[in-house]
Structure formats: structure tokens, C-alpha cells
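These notes are about the structure you will find just below.
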Amino acid sequence: MLFQDLLCDEALKQQLIGMVQEKRISHAQLFLSSPGAHAFAVAIAYAQYLSCENPSESDSCGECSSCLMYEKLTHPDLHLIFPNTTTKTVSKDPDSELLAAPFREFVLENYYHIDIDNWIAYCEAGNKQLTINNRDCSNILRHNSTRSYSGGYKVFILWCADRLYHTAAPKLLKTLEEPEPNTLFILITEEYEKILSTILSRTQLVKIPPIHKETIAKQLIIDFNISEQRAQDIANISEGDYRRARSLVQDQALLNENLSYFLTFFSSVVALAQKRASDQIKYNEVTEMIRELGNQGRERSKSFLKYMLQSFRNILMLNVGNKEGVITTARELKEFEAFQSYVTVKNSGKILDECNKAIYHIERNVSYNLVFNDLYFTLSQLVTS
Numbered sequence: 021m022l023f024q025d026l027l028c029d030e031a032l033k034q035q036l037i038g039m040v041q042e043k044r045i046s047h048a049q050l051f052l053s054s055p056g057a058h059a060f061a062v063a064i065a066y067a068q069y070l071s072c073e074n075p076s077e078s079d080s081c082g083e084c085s086s087c088l089m090y091e092k093l094t095h096p097d098l099h100l101i102f103p104n105t106t107t108k109t110v111s112k113d114p115d116s117e118l119l120a121a122p123f124r125e126f127v128l129e130n131y132y133h134i135d136i137d138n139w140i141a142y143c144e145a146g147n148k149q150l151t152i153n154n155r156d157c158s159n160i161l162r163h164n165s166t167r168s169y170s171g172g173y174k175v176f177i178l179w180c181a182d183r184l185y186h187t188a189a190p191k192l193l194k195t196l197e198e199p200e201p202n203t204l205f206i207l208i209t210e211e212y213e214k215i216l217s218t219i220l221s222r223t224q225l226v227k228i229p230p231i232h233k234e235t236i237a238k239q240l241i242i243d244f245n246i247s248e249q250r251a252q253d254i255a256n257i258s259e260g261d262y263r264r265a266r267s268l269v270q271d272q273a274l275l276n277e278n279l280s281y282f283l284t285f286f287s288s289v290v291a292l293a294q295k296r297a298s299d300q301i302k303y304n305e306v307t308e309m310i311r312e313l314g315n316q317g318r319e320r321s322k323s324f325l326k327y328m329l330q331s332f333r334n335i336l337m338l339n340v341g342n343k344e345g346v347i348t349t350a351r352e353l354k355e356f357e358a359f360q361s362y363v364t365v366k367n368s369g370k371i372l373d374e375c376n377k378a379i380y381h382i383e384r385n386v387s388y389n390l391v392f393n394d395l396y397f398t399l400s401q402l403v404t405s
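Position one of the sequence shown corresponds to residue 21 (this note's numbering), numbered consecutively onward.
In C-alpha cells, the structure reads:
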């Protein structure tokens, strides 16, 4: 991965290049990424530049043996650590090394635009929780104690470091604080608050900002050959998240389903709050919606709850008259306008808190039926307040 191929901010590229050129490379860095901001690709480009045999002032050469191995993610001094679990091919004692081949395929097939939900689907993990486990940490310690193959840097990239299992993390603390010479640890996360404080104190923070709308629109046209207008529309609602932009292009059905679920759920909430007749509340449709979501797995439920969060924020913007702050499609805008009197400055904070609480409970394997029903009845009380 070359710096020139990244979708990230130009200032960030110069920051990373400067670290290498000025030989001020912190041995442990935490890449705090905005959602869909190409963070894994940034980490690979940075590591490739650090290991390149003939780097220029602005990029890797892309032609030396080191760069060619990095292009395939097969450099012997590159160690990829990522959330994992048992799969059809790894029936017990999983770790990142056993799943390295499918993970590389996953990254390359998706042109580095990866997220945990897609990885879970790719390895057919279903409702299993994926973690960076004790075996992964033992492997890190083992590789850290050996010499590099190339004589240069050994690079450890921990993708989704927030999924580092809490009992495994202590194994890494001394290594992060005092690694072997010419060793670089890059921890990547989109959820800073889930990183242990003992790890935060041992890493240098590098922030990866959202991708500019103009950059997203241009890349969508290149990747999908869509019209400029459609590319701009999608870029506007993607919030700097290129993964989301790609999924919106590829899966219009998912966007339609999310909107349909939201309208079913919140229309019923409002009807219940107003104490309408049962045939208007249509609670049976809500229970069917909850059942469908539950059958699609925990990550799908989380995805919908995140969509619900964004929808409530958009409705609030309509309520306060800030139409420019609405990040949505024309169809969504038309539907949301009917709800703007129910999400106000007074109750919006509690509504958003309840959605975040629901996401938290889904992540911890609480029954989806219990979570959505609790949210349903709680919201019906909040929209009347």
C-alpha cells in the first residue's frame, strides 16, 4: 500500500512520513480512527514506508522485495493480530496466526476497506464474540523476542485493539513499554473508550480524521462508475466513512430495510405514546421486526441501532430548524419530517442514551427480544415528556 493510494488526510500522510525521515518513531502507537477512515491501510502504508529499501521523500518505492511482500501482506516481519474465534477450518484454540490466510484474503478482496462486521460475516462467525486472545498475546511475545528476518523493523499491527481480551492485555504491558529494538506496535481502534488505561498510557496517540466528502465522491465514481450526482449524495450521508459509502452503493436494499424497520418501530412507539387504538399501534409488526433482526445475528441488531441513533439525530436537527445539519437521503428526509415534533431538545439526550444503552446490551449478549422491547416501551414514555 502506497501513501499515494490512501484516502486519508494529506497532513496525516506528512506526519507519518516525517516520523520515519526524522527517526522519531514511537515504538507503540495507537491509531484512533474515525469510522471508515481507511485506518488499516494507513498502518500498512506507514509500515511499508518504514521497511522500504528505496523510499523517496514522499512514498515507498513499490518495487523492492520488501514492498512487494507488503503488497501481499506476506512480509515475514509484518505480524497481523486481529479479533478471531473458532471457524469451520479452525475448530479449537483459534488465534490470528491460524487465520492469517483468510484474513489477508479478506483485506485484499475488500481493498483494505474493512470493518469488524464484515470480518465476522467473512469468517462465518455468526453470534460468536471475536477477541484478540491469550494465544495471540503469547505469539506476540514470542515474535518480539526474536530477530527480524530482514534486519529492519518488526511491525505488529493490532486491528480492533479494543477487542483485546481483558485477561490477555496484561501480558503485553511490559512489551509495549520496553519492546526489543527496531520494533513497532500499531494498535488500531475506533472505540477509544474501550482501550485499557494501562495501554493508553504506553502508546502515542495518532488521530485519523474522517475522509473528506469530495475524496469519497471521487473514489466512488472510480470504484463503481456511478454518476457524479449519486456519488455526491452518498458522500454527503456517509459522514466521512468510506466503508459506509461503499455499502450504500452496493446494498441499497439494506438502506431500504433500515428505513422500513425504523418507520415500523418508531411509528408504533408514537402511537403507543398517544394511546391510540391497538390496530393503529400495530405492536405485532414490531415483534415481527424484532424477530427478523434477531434471526440476522447480533451484529445486524447493532447496525440497526446505530442507524436508529443517526435517524434520531436527524429528526432533532429538523425539530430545531437546522436542515443543513441533516445527513440523510431525500426519501429519509421526507419520512423524518413527520416525526420532528416527537424528538426535541428536551428529550433527545435521553432518547440517544437509551439507544446507546441498547447497543451496549446487545454487545454483551443480552436477549435481543428483551433489549428491543425495553427500548420500545422506554421511548414511548420519553416522546410524551
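Virtual Cβ for every residue (Gly too), placed ideally from N, Cα, C.
Compare the Cα-Cα distances from F286 to each of D97, F392, W139, L98 and report the closest residue. F392
One or two residues paired with K227 in a DSSP bridge: L52
Measure how close the beta-carbons of P230 and A67 come, nearest whole angstrom, since I'm counting them as under 8 Å. Going by Cβ atoms, the distance from P230 to A67 rounds to 23 Å, so no, they are not a contact pair.
Mark P201 as exposed unless 16 or more other C-beta atoms lie within 10 angstroms of its C-beta, in which case mark it buried. exposed
Check the C-beta distance from K322 over to I382 and give it rounded, since I have them as a contact under 8 Å. 5 Å
Within the same chain, show all residues whose beta-carbon is closer than 7 Å to that of K227, passing over the 5 residues directly before and after it, in chain order. Once the five neighbours on either side are set aside, the close Cβ partners of K227 are L52.
Could you spell out where the beta strand (DSSP E) holding T203 opens and where it closes? 203 to 209
Burial state of N153 (16 or more Cβ within 10 Å): Answer is buried; the Cβ neighbour count reaches 16.
Rounded C-alpha distance that separates K233 from D261: 9 Å
Suppose you measure from the CA of G3 to the CA of Q149; what does that come to, to the nearest Å? Residue 3 lies beyond the range of the chain shown here (21 to 405); nothing can be said about it.
Can you tell me where the alpha helix (DSSP H) holding I177 begins and where it ends? Note, I177: premise wrong, no alpha helix (DSSP H); beta strand (DSSP E) at 174 to 178.
Collapsed DSSP secondary structure at N104 in the structure displayed: strand
Hey, H99 and S86: beta-carbon distance below 8 Å or not? no
Supposed contact pair L325 and I379 - C-beta distance, whole angstroms, cut 8 Å: 5 Å
Residues sharing a beta bridge with H99, DSSP: F176
Quick check for students: name the residue ranges of the alpha helix (DSSP H) that lie wholly in the segment 304 to 352, counting only runs of 4 or more. 318 to 339
Bridge partner(s) assigned by DSSP for L268: In DSSP, L268 forms no bridge with anything.
Ends of the alpha helix (DSSP H) at V40? 30 to 41
Rounded to whole angstroms, how far is the Cβ of S288 from the Cβ of V306, which I believe are closer than 8 Å? 5 Å
Measuring straight from C-alpha to C-alpha, what distance separates C375 and R124? 34 Å
For L416, the residue or residues it bridges with in DSSP: The question about residue 416 has no answer, for the chain in this structure spans 21 to 405.
Backbone CA spacing between S221 and I206 [nearest angstrom]: 14 Å
Leaving out five residues before and five after S170 in sequence, what residues of the same chain have Cβ atoms less than 6 Å from its Cβ? Within the same chain, and ignoring the five residues on either side of S170 in sequence, the residues whose Cβ sits closer than 6 Å to its Cβ are D97.
When DSSP labels each residue in this structure, what does P428 get in the three-state scheme? Coverage of the chain is limited to positions 21 through 405, which leaves residue 428 absent and any answer about it impossible.
Backbone secondary structure at A189 - three-state DSSP: coil
Could you pull the start and end residues of the alpha helix (DSSP H) that C87 belongs to? Per DSSP, the continuous alpha helix (DSSP H) segment holding C87 begins and ends at 85 to 91.
Please list the terminal residues of the continuous alpha helix (DSSP H) segment that includes L220. 217 to 220
Proximity to S368 [Cα-Cα], best of E355, K354, T398: T398
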